[in-house]
Each structure stands twice: as structure tokens, then as C-alpha cells.
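Step one of this worksheet: look at the structure below.
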Amino acid sequence: MSVAIRVIPCLDVDAGRVVKGVNFAELRDAGDPVELARRYDLAGADELTFLDVTASSGNRQTTFDVVARTAEEVFIPLTVGGGVREVADVDRLLRSGADKASINTAAVARPQVIDEITRHFGSQVLVLSVDARRTEDPALASGFEVTTHGGRRGTGLDAISWAQEAADRGVGEILLNSIDADGTKEGFDLEMIRAVRAAVKVPLIASGGAGKPEHFPPAVIAGADAVLAASVFHFGPNDVIARVKAAIRAAGYQVR
């Protein structure tokens, strides 16, 4: 029996408010994270992902109080990322009510932190967030480069190789964000999803580019185990989660 596809709204939080931009820039206000989390829980979301989008670039910790208030209001798994640098950060997030922690910049800087966190808490707790963009750099065979600091810095790392290394180190899931597709509402980067799916066996969450329910099934067909989006949920009709699930179901996949 196949595993049900998960539908995950993403709350990008900056200074305690949910924001959304295009290509990780030009952020605009989308509301209060606790209110939105409650709404998505009631609307049938399977999980929530909460990303403090300026925690790494601003060199500060995730807003634990917002995490705690959100966790009190929702009864679905909550993944939190942004400013996660070490075992102690994950411990504090879990104590604040998160179910999983997402790491990006710190893992690129020191990949061993993946080993340390998964050894301490288990693989199921850690999600590697890969913010990738297309590149013409001949040194990157896949054509996709990992970026850090909310998409602000290139790393010279091949996104597919990095996903493989992280999976080998024990990360539980990979959240694959397309910088190029982010906020465009023109659909997921299917080529990138297929490339990562071919390289790793861990669950893959596709992110970036969804603008309407019809955009979600192609991401699942390309190999995503879960689909994550922000704009389409924040600014779309109240029943959009149900419509996304209906579209995935109509494509022949099980949803929760």
C-alpha cells in the first residue's frame, strides 16, 4: 500500500509575522502565524512548516515563543526551521512544541551537525532544507546549486550531491525549495524534483512555485512524497487545501 501524500502549508515568519515574497525577496505581510496555523489545521492540512526566514541571515535564533503559541493551537505535526545550528537548538524547539526541526545553512557550513542531531534525537526529527537554484556553472553537474541564508548566498555545492550526502548522514526528510520557482505561482520545478528523487530514498517534500491546485499532482508524479506551498494557501480561497487534495486524489494518489 502506498504512503499517503502530505499537503503542507508553509509559514515563512519574519519578526513574528507570516510573510511571502517572490524568489525569496520582496516580502509582504500574510498575517499572524498562530491564526494561520489554526486555520490550516481546521482546513485539513497534514502538517505545518514554520520557517524563520531571516534567522540565519540576521544571525539570531528562531522565535521560540511564536513556536510555542503555534504548537498550543494545532494538533498536526509542526516542523520548524531557521537558525537551527546545533543539538541544543533542536532540543529547545522540541521542548517548545515542534515535532521536527529543519536545518539548512548550518548543515552546509558543518555537515557533521546532521550526524550529531540524528544520533541524539533520531532521523525522524531532522529535515534538511535545500534551497536550490539553477546554475550554468560547469563544475555543478546537475545544474542546480545549493544556496544559504534564505537564498542570498551561493555555495558552489551541487544540490543533488548534497541531498545524497545528507541522506547518507541520516537526515529523515529533504525539503527541496526551488529559488527560481518560489512565489511565481507557475508550478513546481519538476526537473529538480525528479533529479533529487532519483538520487535519494528518504521522503522528499517539494516546495516552490505552486499557484493553483492543478500544480500539485505533477510534483507528486515527479517523485514528491509531500507538497509544500505558501502563497496559494495564504492568498487563495478557504477551501484550497481540500481542492489540492482532490486534485492529487484524481491523479490516482492517496491523500490523508
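Mapping of the sequence shown onto this note's numbering: position 65 corresponds to residue 93, and the numbering continues sequentially without gaps. Glycine included, every Cβ here is placed at the ideal spot set by N, Cα and C.
Which partner residues does residue i have in the DSSP bridge list?
{"i": "V35", "result": "V255"}
{"i": "R123", "result": "R123 is not bridged to any residue."}
{"i": "R45", "result": "D42"}
{"i": "K128", "result": "T107"}
{"i": "D80", "result": "V41"}
{"i": "S151", "result": "For S151, which the question treats as bridged, DSSP gives no partner whatsoever."}
{"i": "G59", "result": "V46"}
{"i": "V283", "result": "I33"}
Leaving out five residues on either side along the sequence, give the residues of the same chain with a beta carbon under 8 Å from the beta carbon of residue i.
{"i": "P245", "result": "A275, I276, A278, A279, Y281"}
{"i": "V41", "result": "V47, P61, F78, L79, D80, V81, T91, V94, G110"}
{"i": "E101", "result": "V62, A65, R66, D69"}
{"i": "E193", "result": "P139"}
What distance in whole Å lies between the Cβ atoms of residue j and residue i, which are believed to be in contact at a cut-off of 8 Å?
{"i": "A65", "j": "T98", "result": "5 Å"}
{"i": "L204", "j": "V158", "result": "5 Å"}
{"i": "A32", "j": "R271", "result": "Rounded, the Cβ-Cβ distance is 17 Å, inconsistent with contact."}
{"i": "L218", "j": "I233", "result": "Rounded, the Cβ-Cβ distance is 15 Å, inconsistent with contact."}
{"i": "E173", "j": "A191", "result": "Between A191 and E173 the Cβ distance is about 12 Å, and since that is not below 8 Å, they are no contact."}
{"i": "G182", "j": "F216", "result": "That pair is no contact at about 22 Å."}
{"i": "K273", "j": "G239", "result": "Not quite, the Cβ-Cβ distance comes to about 17 Å (not below 8 Å), so this is no contact."}
{"i": "A134", "j": "L121", "result": "Their Cβ separation, rounded to whole angstroms, is 13 Å, which puts A134 and L121 out of contact at 8 Å."}
Among residues of its own chain, excluding the 5 on either side of residue i, which ones have a beta-carbon nearer than 7 Å to its beta-carbon?
{"i": "S151", "result": "G198, V199, G200"}
{"i": "H148", "result": "V115"}
{"i": "A169", "result": "D186"}
Hey, out of the options, whose CA is closest to residue i's CA?
{"i": "A252", "options": "V228, A73, V268, A71", "result": "V228"}
{"i": "A43", "options": "R180, D74, G110, N132", "result": "G110"}
{"i": "P265", "options": "Y68, V136, I36", "result": "Y68"}
{"i": "R225", "options": "G215, V248, D208", "result": "V248"}
{"i": "V268", "options": "L70, G182, E63", "result": "L70"}
{"i": "A96", "options": "D80, V62, G72", "result": "V62"}
{"i": "V136", "options": "L185, R161, R123", "result": "L185"}
{"i": "F103", "options": "R180, L79, A73", "result": "A73"}
{"i": "I145", "options": "D127, D117, D165", "result": "D117"}
{"i": "Y210", "options": "E164, G59, A167, A258", "result": "Checking the sequence, you will find Asp at residue 210 rather than Tyr. Comparing Cα positions, the closest option is A258."}
{"i": "R138", "options": "H262, D208, F263, V112", "result": "V112"}
{"i": "I207", "options": "H177, D143, S189", "result": "H177"}
{"i": "N287", "options": "G125, I142, P241", "result": "Because the chain in this structure spans residues 29 to 284, residue 287 falls outside the shown range and cannot be described."}
{"i": "L39", "options": "T163, R162, S235, H243", "result": "S235"}
{"i": "G179", "options": "R34, V260, R162", "result": "R162"}
Once the 5 residues before and after residue i are set aside, which same chain residues still bring their CB inside 6 Å of it?
{"i": "S250", "result": "The sequence shown places Ala at residue 250, not Ser. L218, I221, R222."}
{"i": "I36", "result": "E75, T77, A254, L256"}
{"i": "P231", "result": "E201, D253"}
{"i": "D127", "result": "P105, L106"}
Does any heavy atom of the ligand SAM sit closer than 7 Å to the C-beta of residue i?
{"i": "V248", "result": "This structure does not include the ligand SAM; it has no bound ligands of any sort."}
Go through the stretch 155-208 residue by residue and report every complete run of the beta strand (DSSP E) that reaches 3 residues or more, in order. 172-176, 181-186, 201-206
Can you list the beta strand (DSSP E) stretches of 3 or more residues lying completely in the stretch 222-279, in chain order? 232-235, 254-257
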